[in-house]
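Participant:
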Amino acid sequence: MPHLKVQTASGTVQFNYVISTPDSENAQNIDPSLPTILFLHPVYISSVLFHNQFASPRVRRFNLVAVDARSHGNTVGPVPPNARRAEVAEDVSKIIETLKLPRCHIVGISMGACVALEMAVSHPEQILSVFMVSPLPLVEPEDVASGRQEIYDCWVAGRKDENPDEDALLDAILGAVQLGFNQSSASIVSALVQYTYPQAMRNWAPENFGALRTVSVDFFVDRKPHDLAQLRQIECPVHLIHCGGDVAYPLHYVEELRDRLVSVGLHPRVSQVKDAPHFGSVTHSEEINALLHDWVMEHTDGPIPRAKSFVKSPFADDLAKYGHRENGESDSEDDLVPV
């Protein structure tokens, strides 16, 4: 997948990205006649997390673009200690400009949903709508913040010297998997973990512990609600998706966000996906893909060509190498353990 060189306030960043159109899983450019969806991934797992969206014939009726954030996947560049939602949104804005994308529908999960909302606040001219899966609460709950800190501490303990502590690394991995996927045995979950582990070992080596803390702890805990004046900058429709099996954020957090948006005159839609974990777009893709497809169609003028009978995800081959079987379950809980 290609890299996009972007000059930022903290230096040059080579953002790893992919563009898929109805006709190509690895396109050089979007089809200008179609709506464009920009996907923003959560913490820990990069754009590969959106495999099930890129593999969906219905969702691939549109242009799909995904970008690895700093400290994730194959993106290369510095992570400033102050990187929070505004700074990450500035990265996204520059990516849109550099790729010459039209106004986009932004799909974000968890951390990515937080950035999607910030884009609607800070860069409304670039956004057609925001589709927020497992949006973060207005303020991070203390127990979830403690869990994020524990995952970080376990990773640091496992990598603090030349001989990795496999037990500590395993605790970090299982903590992240529990947060994102609960107890899912889907083969794609184990494949995502296996695929991500080598990237994590590179991106979060001891010299990058500060970057890991920034993106996995500070981003979440050093955060306050947007004030009402900021929220009044939003010009686009907002769809909030609550994943019913989310162990971190019960429904009332989404309802609090909805009520805050309503208080400034917005009309956010709230949908629920029963039993889905925090990263529900992976395990409950059929339901979320249907919601996403219908959302984009609802906010699209003009005809869109029919869905193709089959499309290939740009992530399919890599995930297959790590044991992913479409509609399959992993053979063992040990499949989640790459160490």
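FYI, in the UniProt record's numbering the residues of the sequence shown are 1 to 339.
For every residue, glycine included, the Cβ atom is placed at its ideal position computed from N, Cα and C.
Helix, strand or coil for Q183? Go by DSSP, reduced to three states.
Facilitator: Q183 falls in the coil class under three-state DSSP.
Participant: Does the separation of the CB atoms of L49 and P57 fall below 8 angstroms?
Facilitator: No.
Participant: Would you call A320 buried or exposed, if buried means 16 or more other Cβ atoms sit within 10 Å of its Cβ?
Facilitator: When all chains shown are included, A320 counts as exposed.
Participant: Does DSSP put residue 391 in a helix, in a strand, or in coil?
Facilitator: Because the chain in this structure spans residues 1 to 339, residue 391 falls outside the shown range and cannot be described.
Participant: What number of angstroms, rounded off, separates the C-alpha of V339 from the C-alpha of R260?
Facilitator: Low per-residue confidence applies at V339: pLDDT is 42, beneath 50, and the placement is therefore not dependable, though the value from the model is reported in the following sentence. Taking the straight line from one Cα to the other gives about 43 angstroms.
Participant: In this structure, does DSSP put G210 in helix, strand or coil?
Facilitator: It is helical.
Participant: The alpha helix (DSSP H) that contains M132, what's its start and end?
Facilitator: Element bounds for M132: not the alpha helix (DSSP H) but the beta strand (DSSP E), I127 to V133.
Participant: Which residue's Cα is closest to the Cα of L292: T214, V107 and Y197?
Facilitator: Cα-wise, what sits closest to L292 is V107.
Participant: Can you tell me where the beta strand (DSSP E) with I19 in it begins and where it stops?
Facilitator: Run containing I19: G11 to S20, per the beta strand (DSSP E) assignment.
Participant: Checking 8 angstroms against the spacing of the C-beta atoms, do R148 and S216 come in under that value?
Facilitator: Yes.
Participant: Please check the pair I95 and V296, which I expect to be a contact at CB under 8 angstroms, by giving their CB distance rounded to whole angstroms.
Facilitator: About 20 angstroms separates the two Cβ atoms, so there is no contact after all.
Participant: Give the straight-line distance between the Cα atoms of N63 and A176, rounded to the nearest whole angstrom.
Facilitator: N63 and A176: Cα-Cα distance of roughly 30 angstroms.
Participant: With L240 as the anchor, note down where its beta strand (DSSP E) starts and where it stops.
Facilitator: It spans V238 to C243 - the beta strand (DSSP E) in which L240 sits, taken as one unbroken run.
Participant: With a threshold of 7 angstroms, establish whether the CB of Q194 neighbours any heavy atom of the ligand ATP.
Facilitator: Looking at this structure, you won't find the ligand ATP or any other ligand, since it has none at all.
Participant: State the beta-bridge partners of C104 as determined by DSSP.
Facilitator: Answer is I127, bridged to C104.
Participant: Can you list, in chain order, the residues of its chain whose CB lies under 7 angstroms from that of T214, leaving out five sequence neighbours each side?
Facilitator: Excluding positions up to five away in sequence, the list reads V79, P81 and A83.
Participant: Output yes or no for whether 8 angstroms exceeds the beta carbon distance between Q28 and F39.
Facilitator: In this structure, F39 does not lie closer than 8 angstroms to Q28 by Cβ.
Participant: Quick one: Cα of V254 to Cα of M132, how far?
Facilitator: The straight-line gap from Cα to Cα measures roughly 10 angstroms.
Participant: R60 to V311, Cα distance in whole Å?
Facilitator: Going by the C-alpha atoms only, they are around 7 angstroms apart.
Participant: Between the alpha carbons of Q183 and S110, how many angstroms are there, rounded?
Facilitator: Taking the straight line from one Cα to the other gives about 18 angstroms.
Participant: Can the beta-carbon of V92 be found less than 8 angstroms from the beta-carbon of L231?
Facilitator: Their beta carbons are not under 8 angstroms apart, which means V92 does not touch L231 by this criterion.
Participant: Going by CA-CA distance only, name the one from P250, M1, L192 and A172 that's closest to Q272.
Facilitator: Among P250, M1, L192 and A172, the Cα nearest to that of Q272 is on P250.
Participant: Does the stretch 12-30 come within contact of the stretch 272-292, defined as at least 3 CB pairs closer than 8 angstroms?
Facilitator: No, they do not touch.
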